[in-house]
Amino acid sequence: MSRRESSFVRQPEDESYTWIHRAFLQAFQTHGILTLDEIKPILANIVTASNPNRPWTAADITLPFLTSTLQTINAKLLPLDYEIRWAKDQTPKPILHYALVNNASDPLTQQATRFSPTEIAYIRRLLDFMFDTNNTPIREVMAVSQVQAANLARPPRRPRQSAATVAEEGGEDQITPDAGLSMQEAEDILHRLVTSSFFSKSQKGYYTLAPRSLIELRSYLKETYNDEDTQL
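Okay, here's the thing in structure tokens:
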């Protein structure tokens, strides 16, 4: 999986937590997720408000200044299990998105309160297809089409086991079969995932992780789909 991202967790020694940092954090608490182009005028207005004699414009907000500001904020947030992270979305022309996230949980865990175990299993199959099946050196897609999503409604068939094998594994009672979903049920779940901003859907009908989910699922995606020699 190829994805550039950073958590900005190191605090510069010459920085202190000021009104600028508090106001910028408030912007994230209000918006949740912001693109780089959205951040620049917001931060410029905050800096200008702190020193009206020296007005700032969006062009004055450089990446080093933004990085330093985020490092200082994250140094305050990390003990509270919060963090501002960034990642590029999965569009042909990737856009930087920044989000305030809760490190104590991730959106996949949160979905367990809204979906049944069978539906969660379907969501995991979709992620497996995006970041494993459809993410190879030859074809780095990290998306699933409508047809592919429909085909994943039911899990792959388990190979038939002999009676001896079943007995060794503790008997059939310990195996909880996943019956899968109907096509309509899968379609309904995809719609719910898009409307809740967990997935994004392109005009061509491809589903990808929405920017916020991509940021919040960073640890899960690394642990589940990254090869040991892969550098994100």
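Per UniProt numbering, residue 1 is the first one in the sequence shown, and the count goes up by one each step.
Here a beta-carbon is modelled for each residue, glycine too, at the ideal position from N, C-alpha and C.
Beyond the five residues adjoining it in sequence on each side, Asn-134 comes within less than 6 Å, by CB distance, of Val-141 in the same chain, given in chain order. The C-alpha of Phe-129 lies about 34 Å from the C-alpha of Leu-77. Looking at the backbone, the Cα of Ala-59 and that of Thr-67 are separated by about 15 Å.
By the neighbour-count definition (other C-beta atoms within 10 Å, threshold 16), Glu-83 is a buried residue.
Out of Ser-219, Ile-123, Glu-223 and Leu-127, the CA that lies nearest to the CA of Ser-105 is found in Ser-219. Boundaries of the beta strand (DSSP E) harbouring Thr-208: 206-209, taken from the DSSP string. Rounded to the nearest angstrom, the Cβ distance from Pro-92 to Arg-125 is 25 Å, too far for a contact under 8 Å. A check of alpha carbon separations from Thr-208 across Ala-153, Gln-29, Ala-99 and Ala-143 identifies Ala-143 as the nearest. Here Trp-86 carries a strand assignment [DSSP, helix/strand/coil].
Secondary structure of Leu-181 (DSSP, three-state): coil. Less than 8 Å divides the Cβ of Tyr-225 from the Cβ of Asp-132. When DSSP reads this structure, Asn-135 sits in a beta bridge with Glu-140. Counting only runs of 4 or more residues that sit fully inside the stretch 18-79, the alpha helix (DSSP H) segments are 19-31, 36-50 and 63-77, in chain order. Apart from sequence neighbours up to five positions away, the residues of its chain that approach Met-183 with a beta-carbon distance below 8 Å are Ala-150 and Ala-153, ordered along the chain.
Contact between Glu-119 and Ile-39 does not hold, since the beta-carbon distance rounds to 35 Å and is not under 8 Å.
Looking from the CA of Gln-29, the closest CA among Gln-71, Val-101 and Ile-95 belongs to Val-101.
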